[in-house]
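Student: The following block contains the structure, expressed as structure tokens.
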Amino acid sequence: IDKFPFASDSNAENVGDLTDGGYYGATCSSATYGYLCGGISRDGGGSNGVIDKNSFASDGDSTDVGDQEVTTNHNAGASSYTHGYDCGGAPSNKDTIQKFSFSAGGNSSDIGNLTVGRGTVSGQSYITHGYIAGGGGSSKIIDKFSFSSDADATGVGNLPTGFGYRAGTSATAYGYVAGGYPPAGRDEIEKFSFTSDVDGTD
């Protein structure tokens, strides 16, 4: 687990270790903790299904606080104030939206479906909704799901280009996706609105 400051530009430092050390998992954040959901086990033995939690207040190793109901990797995360969401993924192009409590911990539960099952997706978070954008199979779809009720996602627009393995991030009013594959070395940064359901722009 590496940490770097927002207040100054400097190198990251190692502050702890994950319980499994996997890769291709989904990340979520509460106000006080970071979470890693699923991913491929470091021994290459398939998806580990673990939900790891690490403290923002103190440096140290993460703890295993639960398991995914549907074990996935190449998934993406979104975060409300109270819950983490873990969406899509491999194997077999999962369409699941899984949810777990920040305050109670424990296993995630499957509470809905994406419009199209896919892996290597990117996740974004607004105040009221989570978003899953892009994904494997050259998907351009922008999916949106509610934080206030458990239900399926709806397709609210499309990205200009369709790639997987893209990084997702969120501003106050916009979601962003960057990079991607294939082919290697995509340099696009694309953005879409949280306040209106329209296509994204480069």
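Its first residue numbered 4, the sequence shown is counted upward by one per residue in our numbering.
Beta carbons are placed, not taken as given, at the ideal position from N, Cα and C, and that holds for glycine.
Computed from a predicted model, the values in this text were never measured in an experiment.
(1) At 3 residues or longer, what runs of the beta strand (DSSP E) sit wholly inside the stretch 145 to 173?
(2) Within the continuous beta strand (DSSP E) that includes Glu72, where are the two ends?
(3) Exposed or buried, which one is Gly68 when buried takes at least 16 other CB atoms within 10 Å?
(4) Which residue wins for smallest C-alpha separation from Ala81, given the options Ala29, Leu117 and Thr75?
(5) Can you give the beta carbon distance from Asp23 to Val53, rounded, assuming they're within the 8 Å contact cut?
(6) Could you say if the stretch 141 to 153 and the stretch 122 to 133 meet the contact criterion of at least three C-beta pairs nearer than 8 Å?
(7) Using the C-alpha atoms, what's the distance from Pro186 back to Phe7?
(8) What distance in whole Å lies between the Cβ atoms of Gly120 and Phe103, which are believed to be in contact at a cut-off of 8 Å?
(9) Using three-state DSSP, classify Val68 as helix, strand or coil.
(10) When the Cβ atoms of the stretch 106 to 120 are set against those of the stretch 153 to 164, are three or more pairs found closer than 8 Å?
(11) Answer with buried or exposed for Val201, where buried requires no fewer than 16 other C-beta atoms within 10 angstroms of its C-beta.
(12) Between which residues of its own chain and Lys31 is the CB-CB distance below 6 Å, once the five residues before and five after are set aside?
(13) Pick out whichever of Leu162, Thr99, His77 and Gly160 has its Cα sitting closest to the Cα of Val124.
(14) His132 bridges to which residues according to DSSP?
(15) Among the candidates Gly138, Ala170 and Cys40, whose CA atom is the shortest distance from the CA of Ser65?
(16) In its own chain, which residues sit with a C-beta less than 6 Å from the C-beta of Gly178, not counting the 5 before and 5 after it?
(17) Within this structure, are the beta carbons of Asp20 and Ile4 separated by less than 8 Å?
(18) Assuming Gly63 contacts Arg45 under a Cβ cut-off of 8 Å, what Cβ separation, rounded to an integer in Å, is found between them?
(19) Using alpha carbons as the reference points, say which of Gly183, Lys143, Thr204 and Glu72 lies closest to Ser112.
(20) Can you tell me whether Ile144 is buried or exposed? The criterion is at least 16 other CB atoms within 10 Å of its CB, across all chains shown.
Tutor: Judging by the given coordinates:
(1) The DSSP assignment places complete beta strand (DSSP E) segments of no fewer than 3 residues inside the stretch 145 to 173 at 157 to 161 and 170 to 173, in order along the chain.
(2) The sequence position of residue 72 within the sequence shown is 69, counting from 1. In the DSSP annotation of this structure, Glu72 is not part of any beta strand (DSSP E), being labelled neither H nor E.
(3) Counting from one through the sequence shown, the residue named residue 68 turns up at place 65. The question names Gly, but residue 68 in the sequence shown is Val. By the neighbour-count criterion, in which a residue is buried when 16 or more other Cβ atoms sit within 10 angstroms of its Cβ, Val68 is buried.
(4) Taking the sequence shown and counting its residues from 1, the one referred to as residue 81 is at position 78. Ranking the options by Cα distance to Ala81, first place goes to Ala29.
(5) Residue mapping note: residue 23 aligns to position 20 of the sequence shown, counting from 1. Residue mapping note: residue 53 aligns to position 50 of the sequence shown, counting from 1. The pair is a contact, with the Cβ atoms about 5 Å apart (cut-off 8 Å).
(6) Yes, the stretch 141 to 153 is in contact with the stretch 122 to 133.
(7) Residue numbering aside, residue 7 sits at position 4 when the sequence shown is read from its first letter. Residue numbering aside, residue 186 sits at position 183 when the sequence shown is read from its first letter. One C-alpha to the other measures close to 30 Å.
(8) As a working mapping, residue 103 is identified with position 100 in the sequence shown. As a working mapping, residue 120 is identified with position 117 in the sequence shown. Rounded to whole angstroms, the Cβ separation of Phe103 and Gly120 is 20 Å, and the two are not in contact under 8 Å.
(9) Position 65 of the sequence shown, counted from the first residue, corresponds to residue 68. Here Val68 sits in strand by DSSP.
(10) Counting Cβ pairs under 8 Å, three or more are found: they touch.
(11) Here residue 201 refers to the residue found at position 198 of the sequence shown. Label assigned to Val201: exposed.
(12) The residue labelled residue 31 in the question sits at position 28 within the sequence shown. The sequence shown places Cys at residue 31, rather than the Lys named in the question. Cβ within range, chain order: Tyr38, Gly80, Ser82 and Gly87.
(13) Within the sequence shown, the letter at position 121 stands for residue 124. Checked all of Leu162, Thr99, His77 and Gly160; the closest Cα to Val124 is His77.
(14) If you number the sequence shown from 1, residue 132 lands on position 129. BP columns for His132 point to Ser149.
(15) Here residue 65 refers to the residue found at position 62 of the sequence shown. Answer by Cα proximity: Cys40.
(16) Taking the sequence shown and counting its residues from 1, one reaches residue 178 at position 175. Take Gly178, set aside five residues on each side of it, and the residues of its chain with a beta-carbon closer than 6 Å to its own are Gln127, Tyr134 and Phe195, in chain order.
(17) As a working mapping, residue 20 is identified with position 17 in the sequence shown. As a working mapping, residue 4 is identified with position 1 in the sequence shown. Contact annotation: Asp20 and Ile4 have beta-carbon atoms nearer than 8 Å.
(18) Along the sequence shown, read from residue 1 onward, the residue named residue 63 stands at position 60. Along the sequence shown, read from residue 1 onward, the residue named residue 45 stands at position 42. Contact doesn't hold; Cβ gap of about 19 Å is too wide.
(19) Your numbering for residue 112 matches position 109 in the sequence shown. Answer by Cα proximity: Glu72.
(20) Counted from its first residue, the sequence shown places residue 144 at position 141. Under this definition Ile144 is a buried residue.
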